[in-house]
Amino acid sequence: MLNLRAATLEDREALRVLIDASARELSKGDYRAEQVEGALQGAFGVDSQLIQDGTYFVVEAGGAIVGCGGWSYRRTLFGGDQRAERDAGVLDPRTEPAKIRAFFVDPAHARKGIGTLLLQKCESDARLRGFSRVELMSTLPGVRLYSARGYSGVEQVQYEVAPGVAIEFVPMSKSI
Ligand SMILES: CC(C)(COP(=O)(O)OP(=O)(O)OC[C@H]1O[C@@H](n2cnc3c(N)ncnc32)[C@H](O)[C@@H]1OP(=O)(O)O)[C@@H](O)C(=O)NCCC(=O)NCCS
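Residue 272 is where the sequence shown starts when you use our numbering, and the numbers rise one by one after that.
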C-alpha cells in the first residue's frame, strides 16, 4: 500500500540516495552518464526550502521511500540545495504560476502511478493556495509523465551542468 506524507528534514539522506538511483536508472535512454552525473551536482536534488515550507512530499511503500516530489509558491524553478541560482521570493498566485519541483521515483517502482499520485497532491495544494497555473522545468523522462497528465511544452532548452556538459530540459506548464 502506498502512503503519501510531507517530507521532513530527517528524510534528506534517504532522498539523496533515491534521487541518485532514480536519475541514473530512469534517464538511461535519454541522457548520457556525464549529463546525469553533472545534473546530480545541483540541478537534481533535495531543496530543503520546500521541506521547510511543507510543500515537498514522499510516497512510502512497505516503510521505504519510493518516490518524492513537490511544488512551490517561491520563484526558484528547479535545483537542489547545492544549486547557486535560487530565489526564495514568493509568487503572486493571481498572476504567476506555481512551480512543480523535483519528482523522482524508485526505478523498482516506476510506472505504478507514484508520479501521478504526487502530481495530483501538488496540483491540488497549489490550487488551494489560489494558483490557477503550474509550470516546471522537465527532464526528458519527465516529459512522458507530464504530457500524459495534461502539461504542454515541447521546446528543449540546454542547461550547463558541468564545464562543457549541457543537459536538455523542457519548460512545461498546465492550467489547474
Ligand atoms: C518521470 C517519473 C517521475 C515518472 O514517475 P512514475 O511514477 O513512473 O509515473 P506514473 O507511473 O505516474 O506514470 C504516469 C503516466 O506517465 C507516462 N509515463 C511515465 N513514465 C513513462 C515511460 N517511461 N515511458 C512512457 N510513458 C511513461 C505514462 O502515460 C504513464 O501512464 P501508464 O503507466 O498508465 O501508461 C520517473 O520516470 C522518474 O523518476 N524519472 C527519473 C527522474 C526524472 O527525470 N524526474 C522528472 C524530473 S522533472
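Built from N, CA and C at the ideal position, the CB exists for glycine as well.
- Contact annotation: TYR327 and ALA397 have beta-carbon atoms that are not nearer than 7 Å.
- Distances from the CB of LEU348 to the heavy atoms of ligand 1 are all 6 Å or more.
- Taking the C-beta atoms as reference points, VAL436 is found nearer than 7 Å to GLU305.
- By the neighbour-count definition (other C-beta atoms within 10 Å, threshold 16), THR410 is a buried residue.
- Taking the Cβ of PRO412 as the reference point, at least one heavy atom of ligand 1 falls within a distance shorter than 6 Å.
- PRO378 has its alpha-carbon roughly 12 Å from the corresponding atom of GLY384.
- Shortest Cα-Cα distance from ARG420 to any of LYS392, LEU273, PHE315 and GLU426 involves LYS392.
- In terms of CA proximity to ARG372, LEU390 leads the group LEU390, LEU297 and TYR422.
- Excluding sequence positions up to five before and after ARG354, its CB lies within less than 6 Å of the CB of GLY313, all in the same chain and listed in chain order.
- Look at TYR327 here: in three-state DSSP terms it is strand.
- In this structure, the CA atom of GLN429 is about 6 Å from the CA atom of PHE440.
- For TYR417, the three-state secondary structure derived from DSSP is helix.
- Inter-residue distance for ALA433 and VAL307 is about 10 Å (C-alpha atoms, whole angstroms).
- Non-local C-beta neighbours of ARG365 in its own chain, meaning closer than 8 Å and more than five positions away in sequence, comprise GLY401, ordered along the chain.
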